[in-house]
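J.:
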Ligand SMILES: Nc1ncnc2c1ncn2[C@@H]1O[C@H](COP(=O)(O)OP(=O)(O)OP(=O)(O)O)[C@@H](O)[C@H]1O
Ligand SMILES: [Mg+2]
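Numbering (our numbering), first residue to last: 6 to 403.
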């Protein structure tokens, strides 16, 4: 039998064990907590460092020397001077917001187009930088390639692949200062241009992360090579978009009259859907052969979108907006489909506009049909087949 003393002793030992174990637990907890804090600090520190690396990388992209290592050629002013015959007038192929555009031949014999910045000041410099930074990172057969640039204290020049057939708008309606012999585009070529330009925007919106918003998509920024294949050009106004679903970036309203989406013009909220609107305007130009804004037209017809939108979804009326230069040489079934895509793209409500991927999906079958029946690159209308509206059976596919 144990004495009271024995029980007391045991109880004391049990208490001691409990106290020791509890202290050990507290110490272990403290160790775990400090380890957790240590790890958290380390991760936060690493993230911070990573951010500043990213930031430095971004600002280093602004440093054109770094970009040069990314496959762009750096030209001296002298090289470009001799490539263009001393920037002779006879080599001027256009003039835009950036300045004159010259035809030239560089050392390796390649034909190039050279843009010579004539607008001094911050906006011009900014556009030059964005164009070089972005185009050094983007690669798509549907975007015009930048070959190199010249940037010294007095001159800023951009050197591109030469596109023998110039801007799309030159082939749709008369353009002052155009040096290209305009060739009226047949329906099949228009369809293919619509598809290739859509693929250019699809690449910017879907394949690049975060997405790139072109912000100045228009027919003069769709350039055509000698076989009338299209490439999207001019990224000087481009913006990195929001990578959140439905997100926007807020920015100053820039772009070209007649192409700017209404919500962007009103609020400055820019999304990829702003480009989709501009794309819709280009589709309307391809259908009608009309300028986006022409106040010399009769009342109600001056703004292309307002005039055409109510007619686009009426298959009896859509024929009345078609470009007379097409001389009726098109498939009504295809016209109805393209008109429906255009109508969706220029919806005033951005959410109702399709994604560029949807537009591409809808145009692919139309271009495929032609590929199987005619030769690519032809500008004649001999392959176009005309169906009467009554023969149409397929409705809009977007
Ligand atoms: N790479 C190129 N190859 C052939 N012609 C070109 C090339 N780039 C531009 N051009 C010609 O120069 C013209 C002017 O182009 P530019 O981009 O400077 O002005 P824009 O597109 O009319 O207006 P913005 O300055 O608002 O873009 C084009 O319409 C086209 O005819
Ligand atoms: Mg342009």
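Note that CB positions come from ideal geometry on N, CA and C, so glycine has one too. Here the structure is a predicted model, which is why all the values come from computation and not from measurement.
Applying the criterion that 16 or more other CB atoms from any shown protein chain within 10 Å of the CB defines a buried residue, is residue 359 buried or exposed?
T.: Your numbering for residue 359 matches position 354 in the chain shown. With 16 or more Cβ atoms within 10 Å of its Cβ, residue 359 is classed as buried.
J.: What are the start and end residues of the alpha helix (DSSP H) that includes residue 205?
T.: Start at 1 with the first residue of the chain shown, and residue 205 comes out as number 200. Where residue 205 is concerned, the enclosing alpha helix (DSSP H) stretches over 192-207.
J.: Using three-state DSSP, classify residue 287 as helix, strand or coil.
T.: Counted from its first residue, the chain shown places residue 287 at position 282. In the structure shown, residue 287 sits in a helix (DSSP, three-state: H, G or I).
J.: Since residue 96 and residue 90 are thought to touch, with beta carbons under 8 angstroms apart, how far apart are those beta carbons, to the nearest angstrom?
T.: Within the chain shown, residue 96 is the residue found at index 91, counting from 1. Within the chain shown, residue 90 is the residue found at index 85, counting from 1. Contact flag correct, Cβ pair sits at about 6 angstroms.
J.: Could you have a look at residue 54 and say whether DSSP puts it in helix, strand or coil?
T.: On the chain shown, residue 54 is found 49 positions in, with the first residue counted as 1. With a pLDDT of only 37 at residue 54, under the threshold of 50, the placement of this residue in the model should not be trusted; the figure read from the coordinates follows. Correct three-state label for residue 54: helix.
J.: Thinking C-beta only, is residue 263 closer than 9 angstroms to residue 223?
T.: Here residue 223 corresponds to residue number 218 of the chain shown, with the count starting at 1. Here residue 263 corresponds to residue number 258 of the chain shown, with the count starting at 1. Cβ distance < 9 angstroms, so residue 223 and residue 263 count as in contact.
J.: Distance check for residue 13 and residue 24, CA to CA, integer angstroms please.
T.: Along the chain shown, one-based indexing puts residue 24 at 19. Along the chain shown, one-based indexing puts residue 13 at 8. Approximately 16 angstroms, taken between the alpha carbons.
J.: Span of the beta strand (DSSP E) holding residue 105?
T.: To locate residue 105, count along the chain shown from 1; it is residue 100. Note, residue 105: beta strand (DSSP E), 104-110.
J.: Given residue 150, which residues of its chain have a CB within under 6 angstroms of its CB, disregarding the five upstream and five downstream residues?
T.: Position 145 of the chain shown holds residue 150. Correct list, in chain order: 166.
J.: Return helix, strand or coil for residue 255, following the three-state DSSP convention.
T.: Position 250 of the chain shown, counting from 1, holds the residue named residue 255. If DSSP states are grouped into helix, strand and coil, residue 255 belongs with the strands.
J.: Between residue 271 and chain B, is the shortest Cβ-Cβ distance under 9 angstroms, so that the two count as touching?
T.: Chain labels in this structure do not include chain B; a single protein chain is all it has.
J.: Taking the Cβ atom as the reference point for each residue, do residue 229 and residue 313 lie within a distance shorter than 9 angstroms?
T.: Position 224 of the chain shown holds residue 229. Position 308 of the chain shown holds residue 313. Cβ atoms of residue 229 and residue 313: not closer than 9 angstroms.
J.: Do residue 223 and ligand 1 come close, with the Cβ less than 8 angstroms from some heavy atom?
T.: As a position in the chain shown, residue 223 is number 218, starting the count at 1. Checking the Cβ of residue 223 against ligand 1 gives yes.
J.: The beta strand (DSSP E) spanning residue 119 covers which residue range?
T.: Taking the first residue of the chain shown as 1, we reach residue 119 at position 114. That run of the beta strand (DSSP E) goes 116-122.
J.: Just to confirm the assignment, what range does the beta strand (DSSP E) spanning residue 269 have?
T.: For the purposes of this step, residue 269 is taken as the residue at position 264 of the chain shown. Segment 267-272 is the alpha helix (DSSP H) holding residue 269; no beta strand (DSSP E) there.
J.: Write down the C-beta distance between residue 201 and residue 235 rounded to the nearest angstrom, noting that I regard them as a contact closer than 8 angstroms.
T.: Residue numbering aside, residue 201 sits at position 196 when the chain shown is read from its first letter. Residue numbering aside, residue 235 sits at position 230 when the chain shown is read from its first letter. About 4 angstroms separates the two Cβ atoms, so the contact holds.
J.: I'd like to know whether the C-beta atoms of residue 288 and residue 362 end up nearer to each other than 9 angstroms.
T.: Start at 1 with the first residue of the chain shown, and residue 288 comes out as number 283. Start at 1 with the first residue of the chain shown, and residue 362 comes out as number 357. Contact: no.
J.: Is the distance from the Cβ of residue 174 to the Cβ of residue 225 below 9 angstroms?
T.: Residue numbering aside, residue 174 sits at position 169 when the chain shown is read from its first letter. Residue numbering aside, residue 225 sits at position 220 when the chain shown is read from its first letter. In contact: residue 174 and residue 225 (Cβ atoms closer than 9 angstroms).
J.: By DSSP, does residue 180 sit in helix, in strand, or in coil?
T.: Locating residue 180 in the chain shown gives position 175, where the first residue counts as 1. Of the three classes helix, strand and coil, the one that applies to residue 180 here is coil, per DSSP.
J.: The alpha helix (DSSP H) that contains residue 341, what's its start and end?
T.: Reading the chain shown from its first residue, position 336 is the one you call residue 341. That run of the alpha helix (DSSP H) goes 337-350.
J.: Sort 164, 134, 355 and 140 by Cα distance to residue 86 and report the nearest one.
T.: Counting from 1 along the chain shown, the entry for residue 86 is found at position 81. Comparing Cα positions, the closest option is 164.
J.: Cα separation between residue 155 and residue 148?
T.: Your numbering for residue 155 matches position 150 in the chain shown. Your numbering for residue 148 matches position 143 in the chain shown. Those two C-alpha atoms are separated by around 21 angstroms.
J.: Taking only the alpha-carbon atoms, compute the straight-line gap between residue 146 and residue 120 and give it to the nearest angstrom.
T.: Numbered from 1 along the chain shown, position 141 holds the residue referred to as residue 146. Numbered from 1 along the chain shown, position 115 holds the residue referred to as residue 120. Cα-Cα distance, rounded: 21 angstroms.
J.: Helix or strand or just coil, what does DSSP make of residue 213?
T.: Counted from its first residue, the chain shown places residue 213 at position 208. Residue 213 falls in the coil class under three-state DSSP.
J.: Mind checking whether residue 110 and residue 98 have CB atoms under 9 angstroms apart?
T.: Taking the chain shown and counting its residues from 1, the one referred to as residue 110 is at position 105. Taking the chain shown and counting its residues from 1, the one referred to as residue 98 is at position 93. No. Outside cutoff.
J.: Which same chain residues, not among the five before or five after residue 326, have their C-beta less than 6 angstroms away from its C-beta?
T.: For the purposes of this step, residue 326 is taken as residue 321 along the chain shown, with counting starting at 1. Result list for residue 326: 293, 313 and 316, in chain order.
J.: Going by alpha carbons, who is nearest to residue 424 out of 300, 322, 193 and 286?
T.: Since the displayed the chain opens at 6 and closes at 403, residue 424 lies outside it and no answer follows.
J.: Helix, strand or coil for residue 94 per DSSP?
T.: Start at 1 with the first residue of the chain shown, and residue 94 comes out as number 89. Residue 94: helix per DSSP, three-state reduction.
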